[in-house]
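Here's the structure we're looking at; comments come further down.
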Amino acid sequence: MLREIKESKLRIRKNKKDSSIDTLNITMELEKTLNINQTLELEKEKIKKERKRFVLKLILALVVVISIISSIVYVIWLNKTYKVNEYANHAMISSYGVDIQKLEGSTFFFTNNSNKGDIGIIIIPAERVEQKSYARFSKSLAKKNHQVFVPKLTLNSAMFSKNKIEEIFKKHEDITKWIVVGHSDSGNMALKIAANEKKVIGAVFLGAYVIGDDLKLINKPSLLVWGTNDGILDFSKFNEFKKNLPDKTFFHEIVGGNNSNFADIQLLNNDNNANISNEEQQNQVVEQVQKFIENIYSQK
309 MLREIKESKL RIRKNKKDSS IDTLNITMEL EKTLNINQTL ELEKEKIKKE RKRFVLKLIL
369 ALVVVISIIS SIVYVIWLNK TYKVNEYANH AMISSYGVDI QKLEGSTFFF TNNSNKGDIG
429 IIIIPAERVE QKSYARFSKS LAKKNHQVFV PKLTLNSAMF SKNKIEEIFK KHEDITKWIV
489 VGHSDSGNMA LKIAANEKKV IGAVFLGAYV IGDDLKLINK PSLLVWGTND GILDFSKFNE
549 FKKNLPDKTF FHEIVGGNNS NFADIQLLNN DNNANISNEE QQNQVVEQVQ KFIENIYSQK
C-alpha cells in the first residue's frame with residue numbers, strides 16, 4: 309500500500325515536471341513564432357523602403373534625363389537663328405562714311421569716320437536673331453554721330469549674355485553716356501542694364517515691354533516703339549504696362565509695322581506681316597531714337 313502511494317506521488321511529481329516542461333516548450337515556441345513574425349515584418353518593411361527608394365531614384369533619374377534632353381533640345385533650338393535678308397549682308401560692308409569692325413568677343417562696332425560722337429548705343433538682339441540683322445539700323449545710327457555696338461549673345465539669347473554686354477562698358481570707359489536698345493524679348497535685359505549701369509542715360513524698347521513696375525525704379529528716360537501689326541506683343545498687357553510708366557517715357561507707334569521689321573530678318577514666329585518695308589520701319593526708329601537723345605540733352 310505504501311509502495312503504491314509512493315509510486316503515485318512520484319507519478320504526480322513527474323506529471324507536474326512534464327507539465328512544467330511542456331509549458332516552457334510552448335512558451336518558447338510562441339516566443340520563437342513571435343520572433344519569426346517580427347523578423348518577417350521587419351523584412352517586409354525593409355523591402356517596402358527599398359522599393360520606395362528604388363522608385364524615388366528611378367523618378368529622379370528620369371527627371372535628370374528629361375532635363376538634360378530638354379536642355380539639349382533648347383540649345384539646338386537657340387542655335388537655329390532666323391534667316392537674314394539680303395540687306396543685312398549688304399549693310400555689313402563699310403561704306404557711306406561708316407566704319408564697321410569686329411571687336412574682341414565678336415561684338416560689331418559701327419562708327420562715323422568723320423565724327424564718332426560721344427554717345428555709345430548698345431543694341432541687344434532678340435532671341436535667335438543674328439547680329440548682322442541690325443547692321444542697316446546700326447549704320448543709320450552711326451551716321452547720326454553715335455558709336456553703335458551689337459554684341460554676339462551667348463546661345464543667341466540675352467538671358468545668358470549680361471556679362472558680354474557689361475564687358476562693352478568696361479572696354480570703352482572713354483564713352484560716358486550710353487543708350488541701351490532691346491528688341492522683343494531682349495527688353496528685360498535692356499531694363500536690367502539701364503537700372504544697374506550709371507552711365508546709361510536712356511533705354512529704348514522695340515516691340516518689347518517689361519513685366520512689373522521695374523521701369524519706374526530706374527528713373528531714366530525711356531522710349532517705346534511698336535508696330536500696329538505686331539503679332540508677338542500681347543497688346544492687353546502692353547497697354548497696361550504703358551499706364552504704369554514714369555513721366556520720362558516717350559512713345560511712338562509705327563502704323564503698319566510689325567516686330568520682325570526692327571531687324572533685317574525673315575518673319576518671326578507668331579508675328580504678322582507688315583504693311584511697310586523693313587527700311588521704312590527702321591528709318592522711323594532711327595528718327596525717334598535721335599529725337600529721344602536730343603530730348604534727353606535738352607532737359608539737362
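Numbering of the sequence shown is given in my numbering, commencing with residue 309 and proceeding in unit increments. For every residue, glycine included, the Cβ atom is placed at its ideal position computed from N, Cα and C.
Between the Cα of residue i and those of the options, spot the shortest distance and give me the residue it belongs to.
| i | options | result |
| --- | --- | --- |
| H560 | Q607, L411, Q589, K391 | Q589 |
| A396 | S446, E475, K485 | S446 |
| N496 | I509, N421, A466 | A466 |
| N583 | G535, E412, K556 | G535 |
| P530 | V363, F543, L514, N537 | Correcting the residue identity first, residue 530 is Ser in this sequence and not Pro. Closest option to S530, Cα to Cα, is L514. |
| Q607 | K556, D579, N581, V563 | K556 |
| I501 | D482, I483, D493, E474 | E474 |
| K388 | L576, I431, I367 | L576 |
| K485 | I476, S492, D493 | I476 |
| P503 | I526, S494, I483 | First, the amino acid is wrong: residue 503 is Ala here, not Pro. Looking at the Cα atoms, I526 is the closest of the given residues. |
| V512 | N453, I430, S402 | I430 |
| I509 | I401, D426, E394 | D426 |
| E602 | P433, F558, I562 | F558 |
| Q439 | V406, S402, Y390, D542 | Y390 |
| P459 | N453, L499, G413 | G413 |
| Q455 | F417, S585, I432, N547 | F417 |
What are the boundary residues of the beta strand (DSSP E) that includes residue i?
| i | result |
| --- | --- |
| N420 | 416-420 |
| G495 | Per DSSP, G495 belongs to no beta strand (DSSP E); it is in the alpha helix (DSSP H), 495-504. |
| L449 | Careful: L449 lies outside any beta strand (DSSP E), inside the alpha helix (DSSP H) at 443-451. |
| S530 | 530-535 |
| I509 | 508-514 |
| F457 | 455-458 |
| G428 | 427-432 |
| D407 | 406-410 |
| I540 | No beta strand (DSSP E) holds I540; DSSP gives it neither H nor E. |
| V488 | 485-491 |
Around the Cβ of residue i, are there at least 16 other Cβ atoms within 10 angstroms (buried) or fewer (exposed)?
| i | result |
| --- | --- |
| S469 | buried |
| Y382 | exposed |
| Y605 | exposed |
| L318 | Because the pLDDT at L318 is just 48, under 50, the model does not fix this residue reliably, and the point stays unresolved. |
| L364 | exposed |
| Q574 | exposed |
| E349 | exposed |
| G565 | buried |
| Y517 | buried |
| Q409 | exposed |
| T415 | buried |
| D493 | buried |
| F543 | exposed |
| A443 | buried |
| V593 | buried |
| V437 | buried |
| I313 | Summary for I313: the model assigns pLDDT 47, below 50, so the residue's position carries little reliability; its value from the coordinates is reported in the next sentence. That one is exposed. |
By how many angstroms is the C-alpha of residue j removed from the C-alpha of residue i?
| i | j | result |
| --- | --- | --- |
| K352 | V372 | 30 Å |
| W435 | K545 | Before going on, a small fix: residue 435 reads as Glu here, not Trp. Between E435 and K545, the C-alpha separation is close to 20 Å. |
| L479 | G490 | The amino acid at residue 479 is misidentified as Leu; the sequence shows Lys. If you take the alpha carbons of K479 and G490, they lie about 21 Å apart. |
| K599 | L449 | 12 Å |
| I487 | S375 | 37 Å |
| D572 | V392 | 6 Å |
| K528 | H398 | 35 Å |
| W385 | L463 | 10 Å |
| K551 | N471 | 32 Å |
| K356 | F362 | 10 Å |
| F549 | N421 | 40 Å |
| K451 | E587 | 15 Å |
| I483 | I377 | 43 Å |
| Y404 | S379 | 43 Å |
| V533 | N423 | 27 Å |
| K354 | N343 | 16 Å |
| D538 | L366 | 45 Å |
| Q596 | P554 | 19 Å |
| L541 | K507 | 29 Å |
Could you give the first and the last residue of the continuous alpha helix (DSSP H) run that contains residue i?
| i | result |
| --- | --- |
| I601 | 586-606 |
| E561 | Looking at the DSSP string, E561 is not in any alpha helix (DSSP H); the run it does join, the beta strand (DSSP E), is 557-562. |
| F543 | 543-551 |
| I473 | 470-479 |
Segments of 3+ residues assigned as beta strand (DSSP E) that fall wholly inside the region 358-401: Qualifying beta strand (DSSP E) stretches: none in this window.
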